[in-house]
Amino acid sequence: MSSIRDDYIAPWWTYWLHNFPHVNLNFQPIDNTFTPQDQNYQQSLIFLGCVAAAGLGLNLLCLAIYLSCLCCCRKDEEEESKRPNSCCVTWSAVAAGLISCAAVGVGFYGNSETNDGVYQLTYSLYNANHTLGGVDSLVTNTMGSMESGLKQHLARLDEIFATRGDYVQTLRFMQQMADNVIKQLLGLPDWDMAKVDLAAIADQTAYVEYYRWLTYLLLLILDLVICLAACLGLAKQSRWLLTTMMVFGVLTLILSWASLGVDLATAVGTSDFCVIPDKFIMNQTKDLISSDIVHYYLYCSQTLPNPFQQSLTIFQRSLTTMQIQIQGLLQFAVPLFPTAERDLMGIQHLLNSSEASLHQLTALLDCRGLNKDYLDALIGVCYDGVEGLLYLCLFSILAICAFCAMLCAIPRAWTHIASRERDYDDIDEEDPFNPQARRMTTHNPNHATNVHSFCSYSSSMGSQSSLHPPAAQAVSNAPVSEYMNQSALFGGNQRYENVPLIGRGSPPPSVYTQQFRNRYSPSMRATYLSMTEDQIRHFGNDFQA
């Protein structure tokens with residue numbers, strides 16, 4: 001019997017997954033034929049999950065070694081060493097964000113594809129269950145009407161036609177035809193014997209699929225939220241937020257490895273079924289239903305004979321013969337026995353309903369309906385379902401890479417933030433070059449008063465009236481930078497000592513010079529002398545304020 005079919009070809013990715021090594025827990029290779037009830041085959045799928053668990057352990061070990069080395073190593077605090085670290089953190093965060101966004105997109109698509117495939121499977125199972133249920137209902141109703149309804153009518157007619165032996169002989173012949181119909185109906189396959197409730201399987205599959213879809217949806221949202229929160233923590237330089245995201249990142253990393261193992265094992269097992277689905281179904285039903293019937297529905301070829309054709313033909317002929325007999329009795333016996341008309345009309349109505357049931361039964365038993373449901377289920381599982389599982393595996397891999405990059409970047413970002421805070425705390429608050437000191441002076445009037453009193457010179461240098469400028473007009477037009485530079489260069493020359501600064505009551509340049517030398521090192525004084533005139537003027541105004 002030919003088993004070649006043209007209406008279904010397994011996709012290439014199912015063959016690729018089918019060729020995966022199938023190894024049991026004893027590391028022994030086994031056959032890759034889909035036999036879910038076999039213990040060795042179950043162990044081969046569990047082995048794939050164990051491989052994912054081993055990958056998780058190795059990943060966590062590498063991250064632990066990396067974090068240990070990062071904590072133990074001393075960081076150079078020079079400016080040249082800070083810039084590469086900051087750049088590394090930035091690029092790691094960018095890479096983690098991009099990979100995470102790509103992973104979420106792939107995950108949404110794979111989750112939707114898998115859901116579509118499972119929905120098509122459940123829809124086909126419901127349709128097939130409706131077809132088989134219709135067959136059982138028609139057979140049961142027809143047999144019931146033949147056994148009970150027809151028997152009652154024939155019993156009453158036998159009493160009415162007791163005086164006519166030919167009419168009684170006709171009734172006996174009709175009873176034989178009815179028994180023949182019942183015999184043919186009993187020859188049809190009893191689908192209840194298979195002990196498989198397709199509707200219950202569809203309900204259970206839909207229930208599991210709903211929670212699978214919801215779980216992956218929550219996982220995708222969690223990945224996206226963690227990525228966004230980590231980026232916010234890096235932008236705000238928030239330690240507690242980065243720490244929280246690091247903990248959630250480890251948790252999501254574990255979930256990603258777990259989903260990878262489950263998806264991979266499910267995809268391989270489903271692909272083993274999709275490569276040779278007919279063989280598995282025939283093996284499951286060989287003790288329950290005739291192989292000719294199963295083969296007829298699986299392949300539905302025009303070259304295959306209909307295993308129900310003979311039974312349906314005998315059913316049709318028996319009904320036709322009985323209708324002919326009833327027509328004769330209505331024509332010849334009713335004028336003689338008027339009381340028999342009611343029972344004869346009841347038998348005719350019963351035969352008409354049985355004939356309608358025969359036509360419906362013929363249509364339901366045709367292979368095209370169940371074969372279409374079977375092919376739809378295969379396409380839904382093997383095309384959309386397995387493809388969606390592969391995309392979910394890709395999502396897990398991308399999520400693992402993204403969270404590994406994030407877990408490597410967060411500790412460096414933590415160190416970088418701590419280093420910047422230490423450098424910021426080391427700045428002298430009394431340094432006039434420090435912007436924070438100027439802001440504190442502006443918002444603290446007491447501090448401003450102290451600075452002004454420090455710069456006062458009335459107690460030691462005399463009042464401004466004791467100064468005798470050589471040329472008041474020339475002094476009033478001279479810029480501040482000229483006095484400051486000359487005082488710093490010539491070290492308080494008496495030539496400039498008694499010259500006031502733009503008539504503001506400021507101390508002589510020697511006071512600024514002495515303060516300048518006491519506060520700053522030679523290198524910083526050289527930096528100051530290299531400033532432009534506008535920068536010096538700005539410094540002089542801020543310092544006198």
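Here our numbering is used: the first residue of the sequence shown is 1, the next is one more, and so on.
For every residue, glycine included, the Cβ atom is placed at its ideal position computed from N, Cα and C.
Same chain, Cβ closer than 8 Å to S238, five either side skipped, listed in chain order: For the purposes of this step, residue 238 is identified with residue 238 of the sequence shown, where counting begins at 1. Closer than 8 Å at Cβ, skipping near neighbours: L232.
Three-state class that DSSP yields for V23 in the structure shown: Taking the first residue of the sequence shown as position 1, residue 23 is located at position 23. Annotated three-state conformation of V23 is strand, per DSSP.
Proximity to K112 [Cα-Cα], best of L398, C401, P411 and Y391: Reading the sequence shown from its first residue, position 112 is the one you call residue 112. Contrary to the premise, residue 112 reads as Ser rather than Lys in this sequence. Looking at L398, C401, P411 and Y391, the one whose alpha-carbon comes closest to that of S112 is Y391.
Counterpart residues of P29 in DSSP-defined beta bridges: Mapped onto the sequence shown, residue 29 falls at position 29. Looking at the DSSP assignment, P29 forms a beta bridge with V23.
Touch test, the region 258-276 against the region 159-176, Cβ-Cβ under 8 Å, three pairs minimum: Flag = no, the region 258-276 and the region 159-176 do not touch.
Cβ pair N306, Y296 closer than 8 Å: Residue mapping note: residue 306 aligns to position 306 of the sequence shown, counting from 1. Residue mapping note: residue 296 aligns to position 296 of the sequence shown, counting from 1. The Cβ-Cβ distance between N306 and Y296 falls below 8 Å.
Own chain, CB closer than 6 Å to D263, minus 5 neighbours either side, in chain order: Locating residue 263 in the sequence shown gives position 263, where the first residue counts as 1. If we look at D263 and ignore the five residues flanking it on each side, its Cβ neighbours are L389, L392 and C393.
I324 classed as buried or exposed, judged by whether at least 16 other C-beta atoms fall within 10 angstroms: The residue labelled residue 324 in the question sits at position 324 within the sequence shown. Result: exposed.
Simplified DSSP assignment, three categories, for L590: No answer is possible for residue 590: the residues shown for the chain start at 1 and end at 545.
Local conformation of N306 per DSSP, three classes: Counting from one through the sequence shown, the residue named residue 306 turns up at place 306. If DSSP states are grouped into helix, strand and coil, N306 belongs with coil.
Assigned secondary structure, T35 (DSSP; H/G/I helix, E/B strand, else coil): As a first step, residue 35 is located in the sequence shown; it is residue number 35 there, counting from the start. Of the three classes helix, strand and coil, the one that applies to T35 here is coil, per DSSP.
For P277, three-class secondary structure by DSSP: Numbered from its first residue, the sequence shown carries residue 277 at position 277. In the structure shown, P277 sits in a helix (DSSP, three-state: H, G or I).
Endpoints, alpha helix (DSSP H) assigned at I226: Along the sequence shown, one-based indexing puts residue 226 at 226. Per DSSP, I226 belongs to the alpha helix (DSSP H) from L198 to K236.
Start and end residues, alpha helix (DSSP H) containing G380: In the sequence shown, the residue the question calls residue 380 occupies position 380. Boundaries cannot be given for G380, as no alpha helix (DSSP H) includes it and DSSP labels it neither H nor E.
Three-state secondary structure (DSSP) of C87: Residue numbering aside, residue 87 sits at position 87 when the sequence shown is read from its first letter. The three-state reading of DSSP puts C87 in helix, counting H, G and I together.
Coarse secondary structure for C367, derived from DSSP in three states: The residue given as residue 367 occupies position 367 in the sequence shown. C367 falls in the helix class under three-state DSSP.
Close Cβ partners of D376 (< 7 Å) along its chain, the five nearest in sequence each way excluded: For the purposes of this step, residue 376 is taken as the residue at position 376 of the sequence shown. Once the five neighbours on either side are set aside, the close Cβ partners of D376 are Q120 and S124.
Contact between the region 252-263 and the region 287-296 (3+ Cβ pairs under 8 Å): Contact fails: fewer than three Cβ-Cβ distances are below 8 Å.
Integer Cβ distance of T270 from G385, believed to fall under 8 Å: Indexing the sequence shown from 1 puts residue 270 at position 270. Indexing the sequence shown from 1 puts residue 385 at position 385. Indeed they touch by this definition, with Cβ atoms about 7 Å apart.
Coarse secondary structure for S311, derived from DSSP in three states: Against the sequence shown, residue 311 aligns to sequence position 311. In the structure shown, S311 sits in a helix (DSSP, three-state: H, G or I).
Coarse secondary structure for R164, derived from DSSP in three states: Along the sequence shown, one-based indexing puts residue 164 at 164. The three-state reading of DSSP puts R164 in coil, since its state is none of H, G, I, E or B.
Coarse secondary structure for G144, derived from DSSP in three states: For the purposes of this step, residue 144 is taken as residue 144 along the sequence shown, with counting starting at 1. If DSSP states are grouped into helix, strand and coil, G144 belongs with the helices.
Expected contact under 8 Å - CB spacing of P14 and V118 to nearest Å: Your numbering for residue 14 matches position 14 in the sequence shown. Your numbering for residue 118 matches position 118 in the sequence shown. The sequence shown places Thr at residue 14, rather than the Pro named in the question. About 16 Å separates the two Cβ atoms, so there is no contact after all.
Coarse secondary structure for N318, derived from DSSP in three states: Here the question's residue 318 lines up with position 318 in the sequence shown. According to the sequence displayed, residue 318 carries Ser and not Asn. Helix at S318.
Cut-off 6 Å between Cβ atoms - residues of its own chain near L329, not counting five sequence neighbours on either side: Here the question's residue 329 lines up with position 329 in the sequence shown. Cβ within range, chain order: L344.
Boundaries (first-last residue) of the alpha helix (DSSP H) holding I293: For the purposes of this step, residue 293 is taken as the residue at position 293 of the sequence shown. I293 -> alpha helix (DSSP H) spans S291 to Y299.
I379 versus Y126: straight-line alpha-carbon distance, rounded: The residue you call residue 379 lines up with position 379 of the sequence shown. The residue you call residue 126 lines up with position 126 of the sequence shown. One C-alpha to the other measures close to 16 Å.
Expected contact under 8 Å - CB spacing of Q310 and L138 to nearest Å: In the sequence shown, the residue the question calls residue 310 occupies position 310. In the sequence shown, the residue the question calls residue 138 occupies position 138. Between Q310 and L138 the beta-carbon gap is near 18 Å, outside 8 Å, which marks them as no contact.
8 Å Cβ cutoff met for I226 and F248: In the sequence shown, residue 226 corresponds to position 226, counting from 1. In the sequence shown, residue 248 corresponds to position 248, counting from 1. Going by C-beta atoms, I226 is nearer than 8 Å to F248.
For I201 and N40, the rounded distance between their alpha carbons: Position 40 of the sequence shown holds residue 40. Position 201 of the sequence shown holds residue 201. Each residue's Cα considered, the two are about 25 Å apart.
CB contact flag (L56, V250, <8 Å): Indexing the sequence shown from 1 puts residue 56 at position 56. Indexing the sequence shown from 1 puts residue 250 at position 250. No, Cβ-Cβ distance for L56 and V250 is not below 8 Å.
Presumed contact (8 Å Cβ cut-off) between H153 and I347, rounded CB distance: For the purposes of this step, residue 153 is taken as the residue at position 153 of the sequence shown. For the purposes of this step, residue 347 is taken as the residue at position 347 of the sequence shown. About 5 Å separates the Cβ atoms of H153 and I347, confirming a contact at the 8 Å cut-off.
Buried versus exposed call for P36 [16 or more other C-beta atoms within 10 Å across all chains shown]: Residue mapping note: residue 36 aligns to position 36 of the sequence shown, counting from 1. With fewer than 16 other Cβ atoms within 10 Å, it is exposed.
L288 - containing alpha helix (DSSP H), residue span: The residue you call residue 288 lines up with position 288 of the sequence shown. For L288, there is no enclosing alpha helix (DSSP H), as DSSP marks it with neither H nor E.
Contacting residues, own chain, Cβ-Cβ under 7 Å from T142 (five flanking each side not counted): In the sequence shown, residue 142 corresponds to position 142, counting from 1. Around T142: L185, S354 and S357.
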